[in-house]
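J.: Numbering (our numbering), first residue to last: -11 to 73. All residues carry an ideal CB built from backbone N, CA and C; glycine is no exception.
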């Protein structure tokens, strides 16, 4: 987790990302996401929770979701959502 957070800071990502509010650029700064998945997220949002995200966005498996949820903040509480419910 620390490595992923450091990578995001090194790429100009200063905060956790809410996929319901993030720009395409912010989504693409997450190493596990590419342009196609970022576009799908933008098109399909809003998401209610992590399971909604993985269910509706093609290309996000449970294992990939476990990684990106460390930098996603769906509830805007300032903390990474960490784990798949």
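Please report how far the alpha carbon of residue 38 lies from the alpha carbon of residue 44, in whole angstroms.
T.: Translated into the one-based positions of the chain shown, residue 38 becomes position 50. Translated into the one-based positions of the chain shown, residue 44 becomes position 56. About 10 Å.
J.: Our contact map puts residue 4 next to residue 61 with C-beta atoms below 8 Å; I'd like the distance itself, whole angstroms only.
T.: The residue you call residue 4 lines up with position 16 of the chain shown. The residue you call residue 61 lines up with position 73 of the chain shown. That pair is a contact at about 4 Å.
J.: Between the Cα of residue 49 and the Cα atoms of 63, 6 and 25, which residue gives the shortest distance?
T.: Looking up residue 49 in the chain shown gives position 61. Here the closest residue by C-alpha is 25.
J.: Is residue 5 helix, strand or coil by DSSP?
T.: By one-based count along the chain shown, residue 5 stands at place 17. It is a strand residue.
J.: Can you give the Cα-Cα distance for residue 28 and residue 46, rounded to whole angstroms?
T.: The count along the chain shown starts at 1 and reaches residue 28 at position 40. The count along the chain shown starts at 1 and reaches residue 46 at position 58. If you take the alpha carbons of residue 28 and residue 46, they lie about 8 Å apart.
J.: Could you spell out where the alpha helix (DSSP H) holding residue 58 opens and where it closes?
T.: Counting from one through the chain shown, the residue named residue 58 turns up at place 70. No alpha helix (DSSP H) holds residue 58; DSSP gives it neither H nor E.
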